[in-house]
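Have a look at the structure below, then the notes.
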Amino acid sequence: MKSKKIIIIAIAVNLAILAVGLWYYLSIPVDVSIEIDSRDYCPGDVVIIKIKTSRELKESTLVFNSQKTKFFETGKNDDSRLYRGLIAVPLNCKPGENALEIIIKFPIVGTRRFNRTVNIKSRKFKRTHIASLSRTNKIMKTLAEESRVARQLRSKITPENLREGRFIIPVKGRFSSPYGQVRTYGKRRRKGRHRGTDISAPKGTKIKAANNGVVSMAAKFRGIGNTILVDHGQGIQSIYMHLDSIDVKRTDTVNKGGIIGTVGSTGQSTGPHLHWGVYVNNVAVDPMQFTEKDIP
Ligand SMILES: [Zn+2]
1312 MKSKKIIIIA
1322 IAVNLAILAV
1332 GLWYYLSIPV
1342 DVSIEIDSRD
1352 YCPGDVVIIK
1362 IKTSRELKES
1372 TLVFNSQKTK
1382 FFETGKNDDS
1392 RLYRGLIAVP
1402 LNCKPGENAL
1412 EIIIKFPIVG
1422 TRRFNRTVNI
1432 KSRKFKRTHI
1442 ASLSRTNKIM
1452 KTLAEESRVA
1462 RQLRSKITPE
1472 NLREGRFIIP
1482 VKGRFSSPYG
1492 QVRTYGKRRR
1502 KGRHRGTDIS
1512 APKGTKIKAA
1522 NNGVVSMAAK
1532 FRGIGNTILV
1542 DHGQGIQSIY
1552 MHLDSIDVKR
1562 TDTVNKGGII
1572 GTVGSTGQST
1582 GPHLHWGVYV
1592 NNVAVDPMQF
1602 TEKDIP
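Counting from 1312, one number per residue, gives the positions in the sequence shown under my numbering.
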């Protein structure tokens, strides 16, 4: 009898503690402030979205164009938590106001939705014709197959942020072809877009990892040549193409400035150079912005 009484009292005390805890949790106002750098963006840019909340998030979703991503926690103190999300403005993004949807879910108190817009300005990109590279059906097929493999490996999201500070330019050389360039190839004038920055350098020049990360692909391809992908975490990856030698293997950890390979002209290339690209949420963005400004 006595022990039954003790159990009942213990349950009652626990329920009371839970009720007080819940009452306290619900008494905290659900404050959310959203901060988007209010400037005009261009195709190739990365948009930084910061949120500050009074409670910890359970889930979050950011929807922009065909991208669906989430927020990652960047800091917390006694009464607030800080998160940031990154979205990429794709090369084919329509100029004007583009919708951005933010959905955040809190434990117990539920979901909050916010609709914002991001103003996209059109950007003029250079045009070039590359006569010596003919894009036959066979080459197109090879390139499509290799791109599919790389895209698949880039779709995996590592939750940790492995980057530290700004990116470094991976090779010393001459910038020969900018990001976004509108290209035509060979006699058939097949159209293409340049999804990275080309840096010309002699064959054998050492290539450095632009930032800390984990090698997500190190492969010898016929179309894009010898290629390395480095995963910097939270949806950011960098690509290094047309290499002569590959000095790392998949799952290797690399440090910013560490040698990963050497410049070559493998695959569809007109001479020794490094094709360097950065992907955010699997969308190719202008890699130079990662070297020029702080992206949290
Ligand atoms: Zn290139």
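From the three backbone atoms N, C-alpha and C, an ideal C-beta is built for every residue, glycine too.
| request: Would you mind working out which of I1398, F1417 and W1334 sits nearest K1361, comparing C-alpha positions? | output: Comparing Cα-Cα distances from K1361 to each of I1398, F1417 and W1334, the minimum goes to I1398.
| field | Backbone secondary structure at E1408 - three-state DSSP | value | If DSSP states are grouped into helix, strand and coil, E1408 belongs with the strands.
| request: Pull up the CB-CB distance for N1472 and G1544, whole angstroms please, since I reckon it's below 8 Å. | output: About 5 Å; that satisfies the 8 Å criterion.
| request: Hey, could you find the ends of the alpha helix (DSSP H) Q1463 is sitting in? | output: From DSSP, the alpha helix (DSSP H) with Q1463 extends over N1448 to R1465.
| query | Roughly how many angstroms separate the alpha carbons of G1656 and T1516, rounded to a whole number? | reply | Lying before the first or after the last residue shown, residue 1656 is absent from the chain, which here runs from 1312 to 1607.
| query | With a Cβ-Cβ cutoff of 8 Å, do T1602 and R1477 count as a contact? | reply | Yes; because the gap between Cβ atoms is below 8 Å, this pair is in contact.
| query | Cβ of G1507 within 7 Å of any heavy atom in ligand 1? | reply | Judged by the Cβ position, G1507 qualifies as a neighbour of ligand 1 at the 7 Å threshold, a heavy atom of the ligand being closer than this.
| task | Could you tell me the boundaries of the alpha helix (DSSP H) in which F1601 lies? | result | Note, F1601: alpha helix (DSSP H), Q1600 to E1603.
| request: Would you tell me roughly how many angstroms separate the C-alpha atoms of P1354 and Q1492, rounded to the nearest one? | output: Approximately 12 Å between the Cα atoms of the pair.
| For V1526: DSSP bridge partner residues | V1526 pairs with V1541.
| query | Cβ of S1488 versus every heavy atom of ligand 1: is any distance shorter than 7 Å? | reply | Because some heavy atom of ligand 1 lies under 7 Å away, the Cβ of S1488 counts as near it: yes.
| Is V1332 helix, strand or coil by DSSP? | At residue 1332 the sequence reads Gly, which differs from the Val that was named. Looking at G1332 - three-state DSSP - the assignment turns out to be helix.
| task | Just grab the DSSP bridge partners of S1488 for me. | result | Per DSSP, the beta-bridge partners of S1488 are D1509.
| query | Can you list, in chain order, the residues of its chain whose CB lies under 8 Å from that of R1462, leaving out five sequence neighbours each side? | reply | N1593, listed in sequence order.
| query | So, is V1420 buried or exposed, given that buried needs 16 or more other C-beta atoms within 10 angstroms? | reply | With fewer than 16 other Cβ atoms within 10 Å, it is exposed.
| Since K1437 contacts P1489 with CB under 8 Å, what's their CB separation in whole angstroms? | Indeed, because the Cβ distance is near 6 Å, the residues count as touching under 8 Å.
| request: Please go through the same chain and pick out, in chain order, the residues whose beta-carbon is closer than 6 Å to the beta-carbon of E1384, but skip the five residues on each side of it. | output: Once the five neighbours on either side are set aside, the close Cβ partners of E1384 are Y1394.
| So, is the C-beta of E1408 closer than 8 Å to a C-beta in chain D? | In summary, chain D is missing from the structure at hand, where a single protein chain is found.
| field | heavy atom of ligand 1 below 7 Å from H1440 C-beta | value | Within 7 Å of the C-beta of H1440 there is not a single heavy atom belonging to ligand 1.
| request: Determine the closest residue to S1349 out of I1431, I1413 and R1485, with distance taken between C-alpha atoms. | output: The shortest Cα separation from S1349 among I1431, I1413 and R1485 belongs to I1431.
| Can you list, in chain order, the stretches of the beta strand (DSSP E) that have 3 or more residues and sit fully within the segment 1364-1411? | For the segment 1364-1411, whole beta strand (DSSP E) runs of length 3 or above, ordered along the chain, are 1370-1375, 1378-1380, 1383-1387 and 1392-1399.
| message | Given a cut-off of 8 Å on the beta-carbon distance, is the pair G1507 and W1587 in contact? | response | Closer than 8 Å, so yes.
| query | Should H1543 be listed as close to ligand 1, given that the test is whether its C-beta is under 7 Å from any heavy atom? | reply | Not one heavy atom of ligand 1 lies closer than 7 Å to the C-beta of H1543.
| said: I'd like to know if the segment 1369-1377 and the segment 1321-1332 are in contact, where contact means that at least 3 CB-CB pairs between them fall below 8 Å. | reply: Between the segment 1369-1377 and the segment 1321-1332 there are fewer than three C-beta pairs closer than 8 Å, too few to call the two in contact.
| request: Starting from the Cα of Q1378, find the closest Cα among E1457, V1357 and R1392 and give me that residue. | output: The candidate whose alpha carbon is nearest that of Q1378 is V1357.
| How many Å lie between P1470 and V1341 at the Cα? | The straight-line gap from Cα to Cα measures roughly 25 Å.
| message | Please state whether the Cβ-Cβ distance between L1554 and I1535 is less than 8 Å. | response | Result no, Cβ atoms of L1554 and I1535 do not sit closer than 8 Å.
| field | Reduced DSSP category for V1482 - H, G, I as helix; E, B as strand; rest coil | value | Assignment of V1482 by DSSP, reduced to helix, strand and coil, places it in the coil class.
| Given that a residue counts as buried once 16 or more other Cβ atoms are within 10 Å of its Cβ, and exposed if not, what is V1559? | In this structure V1559 is buried. Its beta-carbon is surrounded by 16 or more other beta-carbon atoms within 10 angstroms.
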